[in-house]
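Numbering of the sequence shown is given in the UniProt record's numbering, commencing with residue 1 and proceeding in unit increments.
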Amino acid sequence: MPATRPDSHPLGDVSCGVKAVDAVLTNHFSGLCPVRVCSSDINPQQVPVLSHLYEFTMLTVEEIRALGDAHPEFEPIIRAHNPMLNGWDMNTDLDSFREMMAQVQQYRTKPDPETVSYEVKDFKIPLRDGFEVSAQSYTPKGDVSSDGRPGLVVFHGGGFVTGDLNTEAGLCVEFSKLGGIAVNIDYRHAPEHVFPQAINDAFDATVWVSQNIDKFGINPSKGFIIGGTSSGADVSLVVSHLCRDAKMTPALTGVFAPITSGVNGQTVPDKYKNHFISMEQCAKTPVFSAESVKFVHSKYKPDPESPLAFPVAFPSHAGLPKTYFQACGMDPVRDCSIVLEQVYKDEGVQTKLDIYPGLPHAFWAVFPELEISQKRERDVIEGLKWLLAA
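Dropping the structure here:
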């Protein structure tokens, strides 16, 4: 996915570094006027805050196509040619992008561990090949629950080529505020480690957590969820199938999977091929385009027919835990979530899907100041509550 705005980080006040960070980002996204559009520039009474839940019937092709029309809050950003609209393409220099993101991290203000409501611990998880992956646990401060807390295993997004333990820190914090314990796990990136390395790392780490669940104070009967956003969603969806097939104990009880790309042209079921139109319709959309998808695949090198890359291709989805999806209307991978959610429902899996019409991939990370971005953050909390509900 594209660069995350530094002021979108939920864990600290970054105002002291915004000017310096903006300079870094503007230098990277050169060629367009660096205009920043804030929610104060728009009359909130004219902005519909939209979130759609489709629980029973598949959208029509016409309804799906309409999701690509620009949202009123996003239109001024497009007109302003904001440099944050530029996404990855085949000319993207990954090394430069990683360096730029490392510079952004320098300007983030770290939260004061004495004042936050949670405790973070760093540790390592051993994997099948002897490699040890970095991980963190987020535990609410205060009295230890006598019968344990719900747990969430988290894998970050970043197109399988970037991202780290900071990427989903906000999700971990929100889960801790719900009284849960989050285990935030890194994995090895492409192109240094191509498909299916990320999946192997994530599956091994999830099994390790399940075998050491008492050490974290997790009570799986209160909820044992896996989740992540974008490529983190892809990882989580695949791993949930592998855990089911391996009969992992304790079993997962939920999957948090916003903006997955877990369907492609080769794996989309025949009955939904006509509904799978976003890759063509949104080929040139801002922030994340079809070229961005091509860039990711050129680095990660997924097998286009493998369920380990595109989980819709698993022979069966029966017996999976309840799953929460989100989709962005102006996103080439939009219909991956819409189709996969319907396929799950067809096989009796409990699902919930929130759709954000007319907005690009991970818009909340790039433009956190928008009202609809704040709405999406509230939806995340409600989605987690839904996953934890009996």
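Beta carbons are placed, not taken as given, at the ideal position from N, Cα and C, and that holds for glycine.
Residue-level contact to chain B via CB, residue i, 8 Å cutoff
i    : result
I338 : In summary, chain B is missing from the structure at hand, where a single protein chain is found.
Separation of residue j from residue i, as counted between CA atoms
i           : j    : result
G319        : D112 : 42 Å
A309        : R128 : 20 Å
E75         : K375 : 18 Å
E305        : L59  : 25 Å
Y300        : E174 : 30 Å
V61         : L340 : 15 Å
T162        : R98  : 7 Å
V287        : S145 : 43 Å
I199        : Y324 : 20 Å
Q342        : T57  : 8 Å
G170        : V268 : 32 Å
Y187        : V194 : 11 Å
M330        : N264 : 17 Å
D254        : E377 : Rather than Asp, the amino acid found at residue 254 in this sequence is Gly. The straight-line gap from Cα to Cα measures roughly 19 Å.
M84         : A389 : 37 Å
G179        : L384 : 11 Å
H189        : N274 : 33 Å
T124        : N212 : The question names Thr, but residue 124 is Lys in the sequence shown. Going from the Cα of K124 to the Cα of N212 covers about 13 Å.
D95         : R149 : 40 Å
E369        : A205 : 34 Å
V207        : V104 : 33 Å
G151        : P220 : 7 Å
P126        : F203 : 12 Å
P302        : S278 : 20 Å
H297        : M248 : 30 Å
A257        : D245 : 19 Å
residue 424 : S316 : Residue 424 lies beyond the residue range present for the chain, which begins at 1 and ends at 390; the question has no answer from this structure.
F131        : F314 : 28 Å
I338        : E63  : 11 Å
F276        : D270 : 10 Å
Y272        : G142 : 49 Å
F160        : D147 : 36 Å
I77         : H71  : 10 Å
Contacting residues, own chain, Cβ-Cβ under 6 Å from residue i (five flanking each side not counted)
i    : result
D69  : G358
C33  : Low confidence applies here, because C33 scores a pLDDT of 28, under 50, leaving its location unreliable and the question unanswered by this model.
L252 : F224, I226, S240, C243, P321
K345 : T351
L67  : G329, P357
S8   : Low local confidence applies: a pLDDT of 36 at S8 is under 50, so the model's placement there is unreliable, with the coordinate-based value given in what follows. Correct list, in chain order: A365, P368.
P191 : K299
One or two residues paired with residue i in a DSSP bridge
i    : result
D132 : Reading off the sequence, residue 132 comes out as Glu, not Asp. The partner list for E132 (beta bridge, DSSP) reads P126.
R149 : I218
G254 : I225, K322
L353 : F325
N264 : Note: N264 sits in no beta bridge, so no partner.
T139 : E119
I185 : A135, F155
P360 : M330
Supposed close pair residue i, residue j - CB separation, criterion 8 Å
i           : j    : result
H241        : P321 : Between P321 and H241 the Cβ distance is about 11 Å, and since that is not below 8 Å, they are no contact.
G223        : L353 : At roughly 20 Å, the Cβ-Cβ gap does not stay under 8 Å, so G223 and L353 are not in contact.
V333        : H361 : 7 Å
Q281        : R65  : 6 Å
L165        : S210 : Not a contact, Cβ separation roughly 20 Å.
E73         : E371 : 6 Å
residue 402 : C328 : No information on residue 402 is available, as it lies outside the stretch 1 to 390 that the chain covers here.
Neighbourhood of residue i by C-beta distance below 7 Å, restricted to the same chain and skipping five residues each side
i    : result
F295 : W88, D89, M90, T92
G348 : A318
G262 : D234, L237, F310, P311, V312, C336, L340
T167 : H156, G157, G158
T285 : M330, D331, P332, P360
S292 : G87, W88, D89
S373 : F363, W364, F367
D201 : L127, V133, Y187, R188
P250 : S210, I213, P220, F224
Q266 : P304, E305
A283 : S289, A290, P332
E382 : none
Residues near residue i in its chain [Cβ-Cβ closer than 8 Å; skip 5 each side]
i    : result
S176 : S117, Y118, Y138, T139, P140, A182
Proximity test, residue i beta-carbon vs the ligand PLP heavy atom, cut-off 7 Å
i    : result
I277 : This structure lacks the ligand PLP; in fact it carries no ligand of any kind.
task = Would you be able to state if there are at least three C-beta pairs under 8 Å between the stretch 224 to 239 and the stretch 145 to 165?
result = yes
query = Should the stretch 115 to 122 be called in touch with the stretch 137 to 150, which here means at least 3 C-beta pairs below 8 Å?
reply = yes
inquiry  = For the structure I just gave you, are there three or more beta carbon pairs, one from the stretch 209 to 217 and one from the stretch 170 to 184, closer than 8 Å?
reply    = yes
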